[in-house]
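A short worksheet on the structure shown next.
Residue numbers (my numbering): 421 to 510.
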């Protein structure tokens with residue numbers, strides 16, 4: 421009977437060791453998850469900043485293109501008009 425009790429005790433010790441391992445592993449995964457969540461938030465913030473910057477550049481590009489188009493219209497008008505007909509009110 422003593423042999424059976426020792427075997428049962430050994431099984432409980434093995435189970436206890438495995439549970440301890442699982443608890444520690446779970447804590448490590450939780451810590452890793454926290455770190456990854458923080459990293460994701462940082463990357464999302466960077467992406468948002470880059471999106472805003474890209475939008476600003478796009479708006480500036482549109483403004484520059486509009487000004488270039490206006491200047492080209494003035495140049496075309498000037499080059500197609502007779503001397504003395506150019507008006508600076510365009």
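Each residue gets a CB set at the ideal place from its N, CA and C atoms; glycine is no exception.
Residue i to residue j span [Cα, whole Å]
| i | j | result |
| --- | --- | --- |
| residue 464 | residue 447 | 26 angstroms |
| residue 499 | residue 486 | 20 angstroms |
| residue 472 | residue 481 | 14 angstroms |
| residue 488 | residue 467 | 31 angstroms |
| residue 435 | residue 450 | 22 angstroms |
| residue 461 | residue 484 | 35 angstroms |
| residue 424 | residue 453 | 43 angstroms |
| residue 445 | residue 455 | 15 angstroms |
| residue 477 | residue 501 | 36 angstroms |
| residue 492 | residue 470 | 32 angstroms |
Where residue i falls: helix, strand or coil (DSSP)
| i | result |
| --- | --- |
| residue 564 | Absent from the structure is residue 564, since the part of the chain shown begins at 421 and ends at 510. |
| residue 501 | coil |
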